[in-house]
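K.L.:
If you scroll down you'll find the structure; I have some questions about it.
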Amino acid sequence: MKSIMTATVPPQAEPDALPAEWRDFFALTKPRVMSLVVFTGLCGLLAAPGSIHPVLGFTAVLCIALAAGGAGALNMWWEADIDAQMKRTAGRPLPQGRVGRTDARDFGIALAVGAVLTMGLAVNLLAGAILALSVIYYAVVYTIWLKPRTPQNIVIGGGAGAFPPLIGWVAVTGDITLMPVLLFVIIFMWTPPHFWALALFVKTDYAKAGIPMLPVVAGEAVTRRQIMVYSVLLLAVSLAPWWIGGTGAIYGVAALALSGLFVLLAVPVALRRAGAGDAMKPEKRLFAYSVLYLFALFAALVADRLILGQGALS
Amino acid sequence: MSPEEEDKFKRARRGRNIALALILGGLVVLFYAITIVRIGDG
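See below:
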């Protein structure tokens, strides 16, 4: 561990010279990723049938956020030397030496364990157990095991980000049914085209850090084809909640329009070849739209429930 | 440690202490509220 720290921390910034500021610890929680996690978790909770006391509903979403933050900190702890090599991540607190490596690890563990225990004791045991599973999945299965080993890292790792709506739903109902599993599968199918679109225009960074991202290992053509395949699968899966009668027409029409546009934006990405100095506009457009897509799709799910059915908060 | 560094050190520590105090205060309120709700349930 010591040798890794020596290699990654710039000599001008000793980790123990100054106490880290609270902002540095906040940055360890990956706040931007957390916003999507909180939103989809809250949507799962609001779309679930049944009711939950607002205090417990708030606690459930807070626990999902804190556990995601803890998992993010553990990810940054493990990947500090990889982050130092990539332009996008070199400014993070660990590669910059603003937070000590063990401090980041302990912070991550404390957040995750605290969130899981609180969820299990205050909300319900099943929600706590799935929350624990999601942290282990992200911090161990994805970060430590799969990301550095397989170009399918994003596909399998996408499961980690797919847990929040399932957990939010289970916080209300206390059991797992087909609907929350479908919400899980929607995010699972969404993650590869979302992340590979990003990987296409930051490919050189991942190559430099030795991460076997699909564009680095299998090449651009395969990645572009895979983006198309997953976009079509996403279209089918996003309509499934409507087909099985789990939602009304508001969600169904929104899913058809949003996923249809997703596929339309994926087509130019799939068909083209990027030359030297390419601005990668279609890839950047698909990536930007994919973030908006997930927010809009889950917002439609909640709108459907609140307008056509009964909301979860009592 | 120069006076500037010492000042920076104290500011960083103070900021962390305030953040920690707010978090602990928030948790006290949250756990109190959870307890009241759960007792009301049961």
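Just so you know, the protein sequences line up as chains A and B, in that order. All the letters of the first sequence, read from the start, carry residue numbers 20 to 333 under our numbering. All the letters of the second sequence, read from the start, carry residue numbers 2 to 43 under our numbering. Beta carbons are placed, not taken as given, at the ideal position from N, Cα and C, and that holds for glycine.
How far does the alpha helix (DSSP H) with Trp164 (chain A) in it extend, from its first residue to its last?
P.N.:
Within the first sequence, numbered from 1, the residue matching residue 164 (chain A) stands at position 145. Per DSSP, Trp164 (chain A) belongs to no alpha helix (DSSP H) and is neither H nor E.
K.L.:
Could you tell me which chain B residues have their CB closer than 8 angstroms to the CB of Thr78 (chain A), listed as they occur along the chain?
P.N.:
For the purposes of this step, residue 78 (chain A) is taken as residue 59 along the first sequence, with counting starting at 1. The contacting residues are Leu31, Ile35.
K.L.:
Among the residues of its own chain, which have a CB less than 6 angstroms from the CB of Val38 (chain B), if the five just before and after it don't count?
P.N.:
To locate residue 38 (chain B), count along the second sequence from 1; it is residue 37. Taken in chain order, the list of residues that qualify is empty.
K.L.:
Do Leu325 (chain A) and Cys62 (chain A) have their C-beta atoms within less than 7 angstroms of each other?
P.N.:
By 1-based counting over the first sequence, the position of residue 325 (chain A) is 306. By 1-based counting over the first sequence, the position of residue 62 (chain A) is 43. It is not a contact, given that the beta carbons lie outside the stated cut-off.
K.L.:
At the level of alpha carbons, what is the spacing between Met299 (chain A) and Ala293 (chain A)?
P.N.:
Taking the first residue of the first sequence as 1, we reach residue 299 (chain A) at position 280. Taking the first residue of the first sequence as 1, we reach residue 293 (chain A) at position 274. If I take the Cα positions, the gap works out to 7 angstroms.
K.L.:
Take Met105 (chain A) and list the residues in its own chain whose beta-carbon comes closer than 6 angstroms to its own, dropping the five residues that flank it on each side.
P.N.:
The residue labelled residue 105 (chain A) in the question sits at position 86 within the first sequence. Hits under 6 angstroms: Asp224, Ala228.
K.L.:
Just to confirm my understanding: we take Asn18 (chain B), look at its own chain, exclude 5 residues before and 5 after, and list those with CB closer than 8 angstroms. What are they?
P.N.:
Stepping through the second sequence from its first residue, residue 18 (chain B) is reached at position 17. Hits under 8 angstroms: none found.
K.L.:
Here's the rule: buried if 16 or more other CB atoms are within 10 angstroms of the residue's CB, otherwise exposed. What is Arg12 (chain B)?
P.N.:
In the second sequence, the residue the question calls residue 12 (chain B) occupies position 11. That one is exposed.
K.L.:
Quick one, are the C-beta atoms of Ala181 (chain A) and Phe214 (chain A) less than 7 angstroms apart?
P.N.:
Here residue 181 (chain A) corresponds to residue number 162 of the first sequence, with the count starting at 1. Here residue 214 (chain A) corresponds to residue number 195 of the first sequence, with the count starting at 1. It is not a contact, given that the beta carbons lie outside the stated cut-off.
K.L.:
Which residue comes first and which comes last in the alpha helix (DSSP H) that contains Val52 (chain A)?
P.N.:
Taking the first sequence and counting its residues from 1, the one referred to as residue 52 (chain A) is at position 33. Its alpha helix (DSSP H) spans residues 50-66.
K.L.:
So, helix, strand or coil for Val241 (chain A), using DSSP?
P.N.:
By 1-based counting over the first sequence, the position of residue 241 (chain A) is 222. Three-state result, Val241 (chain A): helix.
K.L.:
Could you work out which residues of chain B lie near Pro38 (chain A), taking near to mean beta carbons separated by less than 8 angstroms?
P.N.:
Position 19 of the first sequence, counted from the start, is the residue given in the question as residue 38 (chain A). Under the 8 angstroms cutoff, chain B gives Phe10, Ala13, Arg14, Arg17.
K.L.:
Identify which residue in A:Thr266, A:Leu313, A:Val189, A:Pro231 has its Cα closest to the Cα of Ser250 (chain A).
P.N.:
By 1-based counting over the first sequence, the position of residue 250 (chain A) is 231. Ranking the options by Cα distance to Ser250 (chain A), first place goes to A:Leu313.
K.L.:
How would you list, in chain order, the residues of chain B whose beta-carbon sits under 7 angstroms from the beta-carbon of Val74 (chain A)?
P.N.:
On the first sequence, position 55 is the one that residue 74 (chain A) refers to. Neighbours of Val74 (chain A) on chain B, chain order: Ala34, Ile35, Val38.
K.L.:
What's the gap between the Cα of Val154 (chain A) and the Cα of Ala90 (chain A)?
P.N.:
Residue mapping note: residue 154 (chain A) aligns to position 135 of the first sequence, counting from 1. Residue mapping note: residue 90 (chain A) aligns to position 71 of the first sequence, counting from 1. C-alpha separation (whole angstroms): 6 angstroms.
K.L.:
In chain A, which residues lie with their C-beta within 8 angstroms of the C-beta of Ala22 (chain B)?
P.N.:
Counting from one through the second sequence, the residue named residue 22 (chain B) turns up at place 21. Correct list: empty, because the minimum Cβ distance to chain A is about 11 angstroms.
K.L.:
Grouping DSSP H, G and I as helix and E and B as strand, with all else coil, what is Lys300 (chain A)?
P.N.:
Looking up residue 300 (chain A) in the first sequence gives position 281. Of the three classes helix, strand and coil, the one that applies to Lys300 (chain A) here is helix, per DSSP.
K.L.:
Are Gly187 (chain A) and Leu64 (chain A) closer than 7 angstroms when you measure CB to CB?
P.N.:
Position 168 of the first sequence, counted from the start, is the residue given in the question as residue 187 (chain A). Position 45 of the first sequence, counted from the start, is the residue given in the question as residue 64 (chain A). Going by C-beta atoms, Gly187 (chain A) is nearer than 7 angstroms to Leu64 (chain A).
K.L.:
Under 8 angstroms by Cβ, that's how I've got Ala129 (chain A) and Ala79 (chain A) pegged, so tell me the actual separation to the nearest angstrom.
P.N.:
Numbered from its first residue, the first sequence carries residue 129 (chain A) at position 110. Numbered from its first residue, the first sequence carries residue 79 (chain A) at position 60. Going by Cβ atoms, the distance from Ala129 (chain A) to Ala79 (chain A) rounds to 19 angstroms, so no, they are not a contact pair.
K.L.:
Measure from the alpha carbon of Gly193 (chain A) to the alpha carbon of each residue in A:Arg51, A:Asp43, A:Thr59, A:Ser70, then state which is nearest.
P.N.:
Within the first sequence, numbered from 1, the residue matching residue 193 (chain A) stands at position 174. Checked all of A:Arg51, A:Asp43, A:Thr59, A:Ser70; the closest Cα to Gly193 (chain A) is A:Ser70.
K.L.:
With 7 angstroms as the threshold, decide whether the Cβ of Glu33 (chain A) is near any Cβ in chain B.
P.N.:
Along the first sequence, read from residue 1 onward, the residue named residue 33 (chain A) stands at position 14. Since pLDDT at Glu33 (chain A) reaches only 48, below the 50 mark, its modelled position is unreliable, and no value is offered.
K.L.:
Helix or strand or just coil, what does DSSP make of Leu277 (chain A)?
P.N.:
Stepping through the first sequence from its first residue, residue 277 (chain A) is reached at position 258. Note: Leu277 (chain A) maps to helix in three-state DSSP.
K.L.:
Just to confirm my understanding: we take Ala92 (chain A), look at its own chain, exclude 5 residues before and 5 after, and list those with CB closer than 7 angstroms. What are they?
P.N.:
For this step, residue 92 (chain A) is matched to residue 73 along the first sequence. For Ala92 (chain A), where only same-chain residues beyond five positions count, the Cβ hits under 7 angstroms are Leu47, Thr48, Ala123, Phe126, Gly127, Leu130.
K.L.:
Along the alpha helix (DSSP H) that carries Met105 (chain A), what are the first and last residues, could you check?
P.N.:
Residue numbering aside, residue 105 (chain A) sits at position 86 when the first sequence is read from its first letter. Note, Met105 (chain A): premise wrong, no alpha helix (DSSP H); not H, not E.
K.L.:
CA-CA distance, Lys21 (chain A) and Met232 (chain A)?
P.N.:
As a position in the first sequence, residue 21 (chain A) is number 2, starting the count at 1. As a position in the first sequence, residue 232 (chain A) is number 213, starting the count at 1. Because the pLDDT of Lys21 (chain A) is 41, which lies under 50, any placement of that residue in the model is unreliable, and the number read from its coordinates should be weighed accordingly. The straight-line gap from Cα to Cα measures roughly 28 angstroms.
K.L.:
Could you compute how far the alpha carbon of Val28 (chain A) sits from the alpha carbon of Val132 (chain A)?
P.N.:
Locating residue 28 (chain A) in the first sequence gives position 9, counting from the first residue. Locating residue 132 (chain A) in the first sequence gives position 113, counting from the first residue. For Val28 (chain A), the predicted model reports a pLDDT of 45, less than 50, meaning its position is unreliable and no value from the coordinates is stated.
K.L.:
Would you say Ala181 (chain A) faces chain B, with C-beta separation under 7 angstroms as the test?
P.N.:
By one-based count along the first sequence, residue 181 (chain A) stands at place 162. No - not a single Cβ of chain B is within 7 angstroms of the one on Ala181 (chain A).
K.L.:
Per DSSP, what kind of secondary structure is Leu320 (chain A) in: helix, strand or coil?
P.N.:
Here residue 320 (chain A) corresponds to residue number 301 of the first sequence, with the count starting at 1. Leu320 (chain A) falls in the helix class under three-state DSSP.
K.L.:
Using a threshold of 7 angstroms, state whether the C-beta atoms of Val118 (chain A) and Ala190 (chain A) are closer than that.
P.N.:
Residue mapping note: residue 118 (chain A) aligns to position 99 of the first sequence, counting from 1. Residue mapping note: residue 190 (chain A) aligns to position 171 of the first sequence, counting from 1. Result no, Cβ atoms of Val118 (chain A) and Ala190 (chain A) do not sit closer than 7 angstroms.
K.L.:
Can you give the Cα-Cα distance for Ala318 (chain A) and Glu5 (chain B), rounded to whole angstroms?
P.N.:
For the purposes of this step, residue 318 (chain A) is taken as residue 299 along the first sequence, with counting starting at 1. For the purposes of this step, residue 5 (chain B) is taken as residue 4 along the second sequence, with counting starting at 1. In a straight line, the C-alpha of Ala318 (chain A) is about 49 angstroms away from that of Glu5 (chain B).
K.L.:
Can Asp122 (chain A) be considered in contact with the ligand MN, in the sense that its beta carbon sits closer than 6 angstroms to one or more heavy atoms?
P.N.:
The ligand MN is absent from the structure shown, which contains no ligand whatsoever.
K.L.:
Within the same chain, show all residues whose beta-carbon is closer than 7 angstroms to that of Lys336 (chain A), passing over the 5 residues directly before and after it, in chain order.
P.N.:
The requested residue 336 (chain A) does not occur in the structure, where chain A is confined to residues 20 to 333.
K.L.:
Could you name the residues of the stretch 126-139 of chain A whose beta carbon sits closer than 7 angstroms to any beta carbon of chain B, in the order they occur along the chain?
P.N.:
Result list empty, no residue passes.
K.L.:
Residues of chain B with CB under 7 angstroms from Trp41 (chain A), in chain order?
P.N.:
Taking the first sequence and counting its residues from 1, one reaches residue 41 (chain A) at position 22. Result: Gly16, Arg17, Ala20.
K.L.:
Just to check my reading of the structure: Leu277 (chain A) and Leu316 (chain A) have Cβ atoms closer than 8 angstroms, yes? What is that Cβ distance to the nearest angstrom?
P.N.:
As a first step, residue 277 (chain A) must be located in the first sequence, where it is residue number 258. As a first step, residue 316 (chain A) must be located in the first sequence, where it is residue number 297. Going by Cβ atoms, the distance from Leu277 (chain A) to Leu316 (chain A) rounds to 5 angstroms, so yes, they are a contact pair.
K.L.:
List, from N- to C-terminal side, the alpha helix (DSSP H) runs of 4 residues or more that fit wholly inside the stretch 123-194 of chain A.
P.N.:
The qualifying runs are 144-155, 172-192.
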